[in-house]
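Going line by line, the protein sequences match chains C and D.
The first sequence lines up with residues 14 to 188 when you count with the working numbering.
The second sequence lines up with residues 99 to 806 when you count with the working numbering.
Don't be surprised by glycine CBs; every beta carbon is placed ideally from N, CA and C.
Because the structure is a prediction, the values reported are computed rather than measured.
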Amino acid sequence: MEAMTAAASTKIPVPLAGDDRAGKYLAFQLGKEEYAIRVLKVREIIGVQEITTVPQTPDYIRGVFNLRGKVIPVVDLQRKFGFATTENNARTCIVVVEVASGGRIMLMGILVDAVSEVRNIAAGDIEDTPDFGRDVSVPYLLGVAKTKGQVNLLLDIDSALQTHEVEVLSSMAVS
Amino acid sequence: MMPGPDVEAEGWQEFLGDLKQLAEAQGRADVSRLASEYLAEGEASLPDMQQQLVRLQKACEGRPAPPAALSQDPELVRDFIMESREHLQNIERSMLAIENDPNDVESIHGTFRAFHTIKGLAGFLEFAVIQEVAHEVETLLDMARNHQIELTGATVDVILASADHLNQQLNPLEKTLLGEPAPDAPEPHELLSQIRSILRGDNPAAAVEPAVEAEPESTTAEPMVTDTAVPAITLPAAPELAFPMADEPVAALPPVAKPAAPVSATTPAAPPAPPKPTAPVEIRAAETKPEAKAPAVTKAPAANAAPNASGGSMSSVKVDTGKLDYLVDMVGELVIAQSLVRHNPDLVALKNPSLMRTISQLGRITDEVQKTAMSMRMVPLETLFQKMIRLVRDLSRKAGKQIEMDIAGEDTELDRNIVEALADPLMHMVRNSIDHGIETSTQRAATDKPPVAKVKLHAAHQAGYIMITVGDDGRGMDRRKILAKARERGLVENGDNLSDNDVFNLIFEPGFSTAEQVTDISGRGVGMDVVKRQIQKLRGRIEIVSVLGKGTEFTLKVPLTLAIIDGLIVGVGEERYIVPIFAIKEMLRPTAEMISTVEGRAEIALIRGRVLPVVRLYRRFGVEPKSQDPEQSLIIIAEARGRDFCLVVDDLIGKQEVVIKSLGDGIRPVPGIAGGAILGDGRVGLILDMNGVFSADQGTYDGANRAA
């Protein structure tokens with residue numbers, strides 16, 4: 014327990030009394046895995062919209078869609094993480110999340126196979142991401158939570174959606 | 099805390115004594131009482147004294163004491179900058195009017211008031227240099243309105259230069275406000291000595307004694323005294339007191355030297371003195387004129403500044419442009435949503451007359467809302483034209499050409515972003531007209547032209563566009579010489595069959611505007627490629643009409659707003675793209691023999707004798723087309739980077755006005771795509787950027803894509 018909080022405080026600069034990863038999470042499915050993101054990051058959940066593909070973007074960017082007059086990009090996390098993509102079905106939906114980018118908040122959609130529920134995850138249920146050895150790196154995970162016998166992968170949505178794009182944008186700026 | 103506090107204290111005691119006498123002489127018992135009270139507390143420490151003096155100042159002005167460092171309040175400084183800029187614009191306009199008609203009393207008064215307000219505001223905020231320059235010009239204008247001096251060319255020059263100078267003084271303030279590194283403000287000394295030499299009737303005998311400062315005042319009429327004495331009592335007191343006594347003098351130091359500037363300007367050798375010399379000296383100057391009524395003196399800045407500020411807020415509200423942009427954006431969406439409802443097949447099928455009436459009512463209201471929202475971002479072209487008038491005036495003097503401006507439509511309104519973006523192109527064009535278009539007066543005389551040349555600047559609305567005409571009655575452009583030059587540079591093969599417009603358009607070629615071109619062709623050139631690029635960025639067009647020997651006219655056609663474009667919706671396979679109509683020159687269905695390949699890769703099309711490069715949009719964007727057969731597709735001849743090219747798409751779907759939206763920060767900019775827009779069915783359509791579509795460097799982007 015001690016080791017865990019120490020690790021947490023190195024990840025997140027302001028350590029709280031308990032584990033600051035605890036709180037309300039939205040659980041959703043990607044393929045066969047169950048992920049969860051902080052509820053505070055979620056703007057809304059909508060059914061699959063007509064998505065316009067944008068040429069010359071990485072394949073995990075599915076395209077853009079119209080959210081009440083705003084143009085919002087949609088990211089396919091399964092492709093981004095390198096899974097096999099599941100076909101859209103009746104439960105597929107878009108979770109619109111707020112991502113902090115360079116001091117600004119931007120909206121992005123993530124395509125998920127199904128939204129499960131909002132879970133209250135207590136500090137005691139959270140474990141650090143296990144070390145999978147050198148070859149497996151999981152930079153987007155905050156930790157792993159066990160609730161009701163299920164494993165939820167706690168996703169750091171800011172870094173999952175951002176790191177790559179920031180790199181690309183800065184390389185664009187150089188060129 | 100600081101060196102020699104005793105010396106400072108003595109200085110202020112003396113000042114207080116003077117003030118007390120003055121107040122008594124003018125029957126201001128309250129001020130005099132306060133002054134003697136503070137004098138009695140002669141032992142008081144400096145910070146106490148500072149507070150007392152601020153209170154005293156409050157008593158003098160009859161209004162609340164300002165906080166110690168007003169210049170640190172970003173709100174006040176921002177307002178000051180905005181208001182001063184407005185005044186400076188008015189000053190410029192008035193001065194140009196005065197130059198045409200030196201007896202234009204209204205303009206002289208207007209200019210005087212504007213400088214006076216700037217002076218008052220600057221004094222309030224402790225911007226000593228601005229205050230001083232404004233003060234000197236004000237003195238000059240006061241003499242002018244009392245017919246003591248003539249507002250002739252040189253004087254007008256100085257006043258305009260002062261306005262420019264003040265504008266430059268505002269720049270560092272603005273930069274600091276934005277948190278950017280501020281450039282050094284220009285030195286006012288040269289300007290001030292120019293003004294003062296005019297004030298002394300061009301007598302260069304420089305005054306050395308600070309007391310002489312007051313001389314022009316003593317020789318002029320009474321109202322003068324009122325105005326010039328104002329800062330002496332109310333304004334310099336604050337900075338000079340506040341700074342030496344502040345706990346941290348470092349931050350406040352620079353301005354300390356500046357209040358002393360009136361002295362050091364005339365006597366550069368004088369050290370930037372402790373506060374003592376300036377204020378008491380000027381006080382005494384005022385004191386020698388007992389006829390100057392104290393109440394009039396002290397209330398002047400407040401009375402002048404206040405109506406101005408409140409007058410502005412009554413007729414208009416200042417709104418954050420970001421909010422305005424968002425409103426316009428949302429209204430654009432409202433219009434689209436409204437049209438979605440109106441054309442919804444289910445609703446139409448209902449054939450319910452009352453529903454139809456309501457829907458058409460909704461449509462009318464939406465139209466009105468859209469018009470109003472758009473108009474809120476519109477500003478008149480007046481300020482832009484004003485700049486041009488000034489430019490013509492300055493350039494014509496420099497070039498020694500007599501030029502008359504022919505201005506029309508300066509009240510035409512358009513999106514403020516576009517007004518700003520038009521400033522550079524217009525400046526280049528006007529400059530070209532004067533430099534190269536208009537002949538020298540001897541040349542004009544030789545061709546029986548009136549000696550005074552004309553530069554025309556007209557603006558008018560035309561079907562959702564604004565037309566701006568910049569013309570001159572100069573020598574015109576010589577088609578033959580331009581063509582000869584173009585052949586020499588290899589820009590055209592033969593070119594004899596080119597239309598006049600095509601030939602004249604060659605001057606926009608980058609590099610065509612060389613020095614020898616200007617002299618050889620006696621035409622235009624410099625900066626024209628800049629003009630062309632900027633106008634294209636605004637999605638506008640330029641047309642040239644030129645008659646050799648008679649003159650040249652450029653007509654700029656730019657959209658009223660950047661937020662909405664007219665687009666053609668084209669289909670490629672399953673995808674739909676929006677092609678901005680301004681980029682389209684022609685559309686046609688090709689025949690098989692039109693298109694041929696070059697080295698098996700690149701394609702060209704032969705259309706009415708012209709060879710144009712071909713870009714197949716489906717290949718460019720990697721989508722599956724309906725058909726690869728050119729005969730089943732559509733060719734759009736569009737312009738990119740100044741060249742025409744053929745864009746192959748599947749078919750034409752329709753035409754729609756769309757609101758341009760960014761694809762968001764989440765997606766890096768894609769070459770060839772200018773943004774997105776919501777189409778009639780609610781889907782997002784991608785707006786093509788023709789320059790990007792045509793760009794040759796698409797390979798590098800693909801590479802970046804893969805590397806990522």
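Once the 5 residues before and after G647 (chain D) are set aside, which same chain residues still bring their CB inside 8 Å of it?
Counting only Cβ-Cβ distances below 8 Å, and skipping sequence neighbours, we find T545, R573 and G574.
Is there a Cβ of chain C sitting closer than 8 Å to that of V361 (chain D), yes or no?
With a pLDDT of 39 at V361 (chain D), under the threshold of 50, the predicted position of this residue should be treated as unreliable, and no value is reported.
Ignore the nearest five residues each way along the sequence and tell me which others in T160 (chain C)'s own chain have a CB closer than 7 Å to its CB.
Closer than 7 Å at the Cβ level, and outside the excluded window around T160 (chain C), lie R132, I134 and D138.
If I follow the unbroken alpha helix (DSSP H) through K579 (chain D), where does it start and stop?
R577 to E586 is the extent of the alpha helix (DSSP H) around K579 (chain D).
Under 8 Å: do the segment 598 to 612 of chain D and the segment 500 to 510 of chain D share three or more Cβ pairs, one atom per stretch?
Result no; under three Cβ-Cβ pairs closer than 8 Å.
Could you check whether the Cβ of R117 (chain C) sits closer than 8 Å to any Cβ belonging to chain D?
Yes, contact with chain D.
Determine which residues share a DSSP beta bridge with G774 (chain D) and list them.
DSSP, once it has assigned bridges, lists D:K759 and D:L784 as partnering G774 (chain D).
Counting pairs of beta carbons, one from the segment 702 to 710 of chain D and one from the segment 649 to 667 of chain D, are three or more of them closer than 8 Å?
No: fewer than three Cβ pairs fall under 8 Å.
Starting from E63 (chain C), find everything on chain D with Cβ-Cβ shorter than 9 Å and list it in chain order.
Here the neighbours are D779, G780, R781 and V782.
Excluding the 5 residues flanking S494 (chain D) on each side, which residues of the same chain have their C-beta closer than 6 Å to its C-beta?
Taken in chain order, the residues that qualify are I501.
Distance check for Q69 (chain C) and E672 (chain D), CA to CA, integer angstroms please.
Those two C-alpha atoms are separated by around 16 Å.
Skipping 5 residues on each side, what residues in its chain have a beta carbon closer than 7 Å to that of I679 (chain D)?
Same-chain partners within the cutoff: D664, G665 and L666.
For A543 (chain D), count neighbouring C-beta atoms within 10 Å of its own C-beta (all shown protein chains included) and say buried if the count is 16 or more, exposed if not.
Under this definition A543 (chain D) is an exposed residue.
From the DSSP output, which residues share a beta bridge with A127 (chain C)?
According to DSSP, A127 (chain C) bridges with C:Q42.
Given 8 Å as the limit, is there contact between the segment 756 to 775 of chain D and the segment 720 to 737 of chain D, that is, 3 or more CB pairs closer than that?
The segment 756 to 775 of chain D is not in contact with the segment 720 to 737 of chain D.
Round the Cβ separation of T215 (chain D) and L239 (chain D) to the nearest angstrom and send it over; I've been treating them as touching at under 8 Å.
In fact, because the Cβ distance is near 13 Å, the residues do not count as touching under 8 Å.
Let me check one thing: in DSSP terms, what residues is Y563 (chain D) bridge-paired to?
In DSSP, Y563 (chain D) forms a bridge with D:Q560 and D:P657.
Give every residue of the same chain whose Cβ lies closer than 7 Å to the Cβ of R491 (chain D), excluding the five residues on either side of it in the sequence, and list them in chain order.
Around R491 (chain D): L194.
Under the three-state reduction of DSSP, which class applies to E591 (chain D): helix, strand or coil?
E591 (chain D) falls in the coil class under three-state DSSP.
Verify the contact flag: A544 (chain D), CB atom, against every heavy atom of the ligand COA, threshold strictly below 7 Å.
Absence of the ligand COA from the depicted structure is noted, as is the absence of any ligand whatsoever, leaving it without description.
Between A471 (chain D) and V426 (chain D), what straight-line distance do the alpha-carbon atoms span, to the nearest angstrom?
Taking the straight line joining both Cα atoms gives about 6 Å.
Going by the CB atoms, is the gap between A35 (chain C) and A204 (chain C) shorter than 8 Å?
Nothing about residue 204 (chain C) can be read from this structure; chain C reaches only from 14 to 188.
What does the Cβ neighbour count give for V112 (chain C), buried or exposed, with the cut at 16 atoms within 10 Å?
V112 (chain C) should be labelled buried.
Would you kindly work out how many angstroms separate the C-alpha atoms of G162 (chain C) and K416 (chain D), rounded to a whole number?
Their backbone Cα atoms lie some 59 Å apart in a straight line.
Closest Cβ-Cβ distance between D763 (chain D) and chain C: below 8 Å?
Yes, its Cβ sits closer than 8 Å to a Cβ of chain C.
On a CA-only basis, which of D:I702, D:E684, D:L704 and D:R718 is nearest I735 (chain D)? Give me that one, please.
Nearest of D:I702, D:E684, D:L704 and D:R718 to I735 (chain D), Cα basis: D:E684.
What are the partner residues of T695 (chain D), as DSSP defines its beta bridges?
The partner list for T695 (chain D) (beta bridge, DSSP) reads D:E701.
Under the DSSP definition of a beta bridge, which residues are partnered with E47 (chain C)?
Bridge partners of E47 (chain C): C:Q42.
Output needed for N789 (chain D): all residues of its chain with C-beta closer than 7 Å, excluding positions within five of it in sequence on either side, in chain order.
So the list reads A738 and R739, once near-sequence residues are dropped.
Can you find a CB in chain D that lies within less than 8 Å of the CB of F78 (chain C)?
True, the Cβ-Cβ gap to chain D drops below 8 Å.
Indicate the three-state DSSP secondary structure (helix, strand or coil) for R573 (chain D) in the structure shown.
Coil.
If you measure from the beta carbon of F719 (chain D) to each beta carbon in chain C, is any gap under 8 Å?
So, interface residue.
What residues from chain C crowd round K421 (chain D), counting only those whose CB sits closer than 9 Å?
Result: empty, since nearest Cβ-Cβ is about 16 Å, beyond 9 Å.
Taking just the CA atoms, how far does P86 (chain C) sit from A158 (chain C)?
If you take the alpha carbons of A158 (chain C) and P86 (chain C), they lie about 29 Å apart.
Express the C-alpha separation of G82 (chain C) and M428 (chain D) in angstroms, rounding to a whole number.
The alpha-carbon atoms of M428 (chain D) and G82 (chain C) are separated by roughly 7 Å.
Tell me, which residues are paired with P711 (chain D) by DSSP?
The partner list for P711 (chain D) (beta bridge, DSSP) reads D:I702.
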